[in-house]
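Beneath this line is the structure, given in structure tokens, with notes to follow.
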Amino acid sequence: MDLGNRKAEIGYWLSQEYEGNGLITKAVNVLMEHAFEQLGLNKVEIGAATDNRRSRAIPEKLGFQREGELRDYEFLNGKFLHRVMYGLRAEEWQSSDPQRDWSL
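Taken in order, the sequence shown gives residues 173 to 276; the numbers are from my numbering.
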């Protein structure tokens, strides 16, 4: 969290046995509500490895905008991985689909 710039980054990791149950999406919903409504943040960011389709699907599903790609962002399991960065601003969240359920 960077309170001076009123933004935060959300990161998530989940054991394979729990994947596909919507747990991360639900958790991100709760964090978004807290970030914008209670903390008054302006922006939330999520980064994911370019080849991690499941992880990238979460911000894409929740209306985050793709903001760019960082090359060779991290060295993991013997290779460099690029990272895609997504962002969502408070005004975008407030004007999002009124049907969207941001809670658990």
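Ideal placement from N, C-alpha and C gives every residue a C-beta, glycine not left out.
Give me, in chain order, the residues of the same chain whose beta-carbon lies closer than 6 Å to that of residue i; leave out the 5 immediate sequence neighbours on both sides.
i, result
"Phe-252", "Asp-244"
"Arg-178", "Leu-213 and Asn-214"
"Thr-222", "His-254 and Val-256"
"Ala-262", "Phe-208 and Asn-214"
"Leu-175", "none"
Cα separation between residue i and residue j?
i, j, result
"Gly-235", "Asn-249", "30 Å"
"Ala-207", "Ala-180", "8 Å"
"Val-200", "Gly-183", "9 Å"
"Tyr-258", "Glu-189", "26 Å"
"Pro-231", "Ile-218", "7 Å"
"Gly-240", "Val-256", "6 Å"
"Ser-268", "Gln-237", "12 Å"
"Leu-211", "Val-202", "13 Å"
"Asn-224", "Leu-242", "14 Å"
"Ala-229", "Ala-220", "10 Å"
Among the residues of its own chain, which have a CB less than 8 Å from the CB of residue i, if the five just before and after it don't count?
i, result
"Leu-186", "Leu-195 and Ile-196"
"Phe-282", "Given a span of 173 to 276 for the chain in the structure shown, any question on residue 282 remains unanswerable."
"Glu-191", "Arg-226"
"Lys-233", "Thr-197"
Could you spell out the range, first to last residue, of the alpha helix (DSSP H) harbouring residue i?
i, result
"Ala-221", "Premise fails: Ala-221 lies in the beta strand (DSSP E), 215-221, not in any alpha helix (DSSP H)."
"Ala-199", "195-205"
Provide the residue span of the beta strand (DSSP E) that contains residue i, from first to last.
i, result
"Glu-181", "179-182"
Among residues of its own chain, excluding the 5 on either side of residue i, which ones have a beta-carbon nearer than 7 Å to its beta-carbon?
i, result
"Gln-271", "Low confidence applies here, because Gln-271 scores a pLDDT of 47, under 50, leaving its location unreliable; read the following figure in that light. For Gln-271, where only same-chain residues beyond five positions count, there are no Cβ hits under 7 Å."
Problem set entry | Contained alpha helix (DSSP H) runs [length at least 4] in the region 233-271, N- to C-terminal order | 262-266
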